[in-house]
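Structure, as structure tokens:
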Amino acid sequence: MKNSFGNDFYEAVFTIVRLIPEGKVSTYGDIARFLGIGSSARMVGWALNSVVDREDVPCHRVVNRNGELSGAMHFATPTLMKELLLKENISFIGNAVNLSEHRWVIELDV
DNA sequence: CTATTGACCTTCT
DNA sequence: GAGAAGGCCAATA
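Put into structure tokens, the structure is as follows:
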């Protein structure tokens with residue numbers, strides 16, 4: 003079946019991450035769920051791993067359910083992710099993002 | 001080809 | 001409320 007993303011789960015993730023507005027962040031689970039949880043949130047991270055070199059996809063705007071920068075270690079530098087988020091005026095709670103203020107909800111209802 | 005790990009989340013005990 | 005286990009799909013060894 004040719005779902006909107008059913009063809010390429012990866013492209014779907016890239017597309018959504020690319021649509022993340024500035025100063026907002028999304029979570030792996032939310033994205034995976036939006037796609038239909040057909041592959042688990044894990045695949046989302048793997049997909050992003052292929053995009054770390056691509057500046058078209060702000061992987062730094064994607065964090066885990068806890069708001070922690072889980073994939074920060076996979077970036078060029080372990081602090082690059084935090085730095086980028088800080089430049090976006092994103093609030094930080096210790097080592098995690100303030101999801102209460104920057105949790106971007108996918109346009110499911112909007 | 002089989003086994004293990006991996007940027008995770010949900011649910012049961 | 002906290003902790004542990006399972007599940008999902010894919011890639012790498």
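Everything in the first sequence is counted per this note's numbering, starting at 3 for the first residue and increasing by one. Just so you know, even glycine gets a beta-carbon here, dropped at the ideal spot from N, CA and C.
Neighbour-count burial assignment, residue i, 16 or more Cβ in a 10 Å radius
i      : result
Ile-95 : exposed
Pro-60 : buried
Val-65 : buried
Distance, residue j Cα to residue i Cα
i       : j      : result
His-104 : Arg-63 : 10 angstroms
Glu-13  : Glu-24 : 20 angstroms
Met-75  : Val-54 : 11 angstroms
Thr-79  : Asp-58 : 18 angstroms
Phe-7   : Glu-90 : With a pLDDT of 47 at Phe-7, under the threshold of 50, the modelled position of this residue cannot be trusted; read the value that follows with caution. Using only the alpha carbons, I get a separation of about 28 angstroms.
Nearest-angstrom Cβ-Cβ length linking residue i and residue j, presumed shorter than 8 angstroms
i      : j      : result
Phe-36 : Ile-18 : 7 angstroms
Ile-29 : Arg-67 : A small fix is needed here, since residue 29 is Thr in this sequence, not Ile. 5 angstroms between Cβ atoms; contact.
Phe-77 : Ser-41 : Going by Cβ atoms, the distance from Phe-77 to Ser-41 rounds to 23 angstroms, so no, they are not a contact pair.
CB contact flag (residue i, residue j, <8 angstroms)
i      : j      : result
Val-99 : Val-27 : yes
Met-83 : Leu-71 : yes
Gly-15 : Ile-39 : Contrary to the premise, residue 15 reads as Val rather than Gly in this sequence. No, the pair does not count as a contact, with Cβ atoms beyond the cut-off.
Gly-73 : Leu-87 : no
Alpha helix (DSSP H) segments (min. 4 residues) lying fully within the segment 11-67: 11-21, 30-36, 42-51
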